[in-house]
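Take a look at the structure set out below.
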Amino acid sequence: MDFRIARAGRGLQWFQGAIRMLDKNPRGLLAVSLAFALIQQVPNLAAAAPALLNTLSVLLVLFSPTLAAGVMHAIAEADAGRPVAITQLFEGARRRGVRGQLLVLGVLWLLALLLIVGAVLSFIGADNIAIIMKVAEKKLAPDSPEFLQLAGPLLKTAMIAVVILFVLLSGLFFAVPRVMFDGRSALGAFAESIAACAANMLSLTVYGLVAIAACMALGLGLAIVVGVLGLLGKLGALLLSAVMLGVTAVVLLVSASGNYLAWREVFGHADPDASQPQAGIVV
11 MDFRIARAGR
21 GLQWFQGAIR
31 MLDKNPRGLL
41 AVSLAFALIQ
51 QVPNLAAAAP
61 ALLNTLSVLL
71 VLFSPTLAAG
81 VMHAIAEADA
91 GRPVAITQLF
101 EGARRRGVRG
111 QLLVLGVLWL
121 LALLLIVGAV
131 LSFIGADNIA
141 IIMKVAEKKL
151 APDSPEFLQL
161 AGPLLKTAMI
171 AVVILFVLLS
181 GLFFAVPRVM
191 FDGRSALGAF
201 AESIAACAAN
211 MLSLTVYGLV
221 AIAACMALGL
231 GLAIVVGVLG
241 LLGKLGALLL
251 SAVMLGVTAV
261 VLLVSASGNY
271 LAWREVFGHA
281 DPDASQPQAG
291 IVV
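Just so you know, the sequence shown maps onto residues 11 to 293 in the numbering used here.
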């Protein structure tokens, strides 16, 4: 299918449209997004049981594309002026044919994470990971000779992890809505998503920079909230958990809305005058 190359300025409009999407059906959309955020916290409930924690974490990774597709389905329903129900979060799992392809995307996500873990073990090693854990637990100073000698392997591992994540996120960005709404196969959608992201690098870069700037501003606001709630002791900690959950739900919703709007335009579900046709590239 031909995809379009959106103008660089469209990235800003995608983000603005994602914010305005909240006005379509705030109660329904936030309920769906909040349910997704709560499900993401489920593995933390098993922190005392490592085996169960690992199992739940793997399941969450496998089904994350399915749940993300459900959020986008709810966004599409709100965008069309139709009712939104919390059960729409599981719409991807209900659709025969679609659910299997979304699960394949989850497998790709899991394999990418395993590749990153493999890179860490290969370039750093188990013994050096123990040193990093000591630094994280403040049992070892960051300027200690043991930690400083890991600078090279850490940089190499970080570069490999960034490349893997970049390819993965590029592949999933359009693949989830392509599978959910267009009925594409997972591997085909993943490949064409990478091509579409490469062709729309300018608009997606603008979108990403605006989103990062918004997250930084949100982080500053949260820092103030954390400082104030920290004065309230246990009550403040409880309120902070609620605030963070709400913020996570909003961020998930805005992110999914921007993803939905970008897919709708790049793959021909929006006004063709908004972007230029992709010349000679059929994916």
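Cβ atoms here follow ideal geometry from the backbone N, Cα and C, with glycine treated the same way.
Alpha carbon to alpha carbon, how far is residue 30 from residue 38?
14 Å
Jot down the residue ranges of each uninterrupted alpha helix (DSSP H) in the stretch 224-281, minimum 4 residues, whole runs only, in chain order.
243-276
Less than 7 Å separating the beta-carbons of residue 24 and residue 271?
yes
Measure the C-alpha to C-alpha separation of residue 227 and residue 234 and round it to an integer number of angstroms.
11 Å
Apart from the five residues just before and just after residue 174, which ones in its own chain have a Cβ nearer than 8 Å to its Cβ?
122, 125, 126, 129
What does the alpha-carbon distance come out to for the pair residue 12 and residue 209?
12 Å
Per DSSP, what kind of secondary structure is residue 132 in: helix, strand or coil?
helix
My guess is that residue 177 and residue 119 are in contact by the Cβ rule of under 8 Å, so how many angstroms apart are they, rounded?
Residue 177 to residue 119, Cβ: 12 Å. No contact.
Endpoints, the alpha helix (DSSP H) within which residue 65 is located:
60-89
Below 7 Å CB to CB, which residues in the same chain sit around residue 109 once its five sequence neighbours on both sides are set aside?
76, 102, 103
Could you pull out every residue in the same chain whose Cβ sits closer than 6 Å to the Cβ of residue 290, ignoring the five residues on either side in sequence?
Only weak support exists for where residue 290 lies, its pLDDT of 31 falling under 50; the value from the coordinates is given anyway. Closer than 6 Å at Cβ, skipping near neighbours: no residue.
So, under 8 Å CB-CB, residue 187 and residue 273 are touching, yes? Tell me the CB distance rounded to an integer number of Å.
4 Å
N- and C-terminal bounds of the alpha helix (DSSP H) containing residue 36
36-50
To the nearest whole angstrom, what separates the beta carbons of residue 115 and residue 200, a pair I think is in contact under 8 Å?
7 Å
Give every residue of the same chain whose Cβ lies closer than 6 Å to the Cβ of residue 171, excluding the five residues on either side of it in the sequence, and list them in chain order.
126
Residue 96 to residue 163, Cα distance in whole Å?
45 Å
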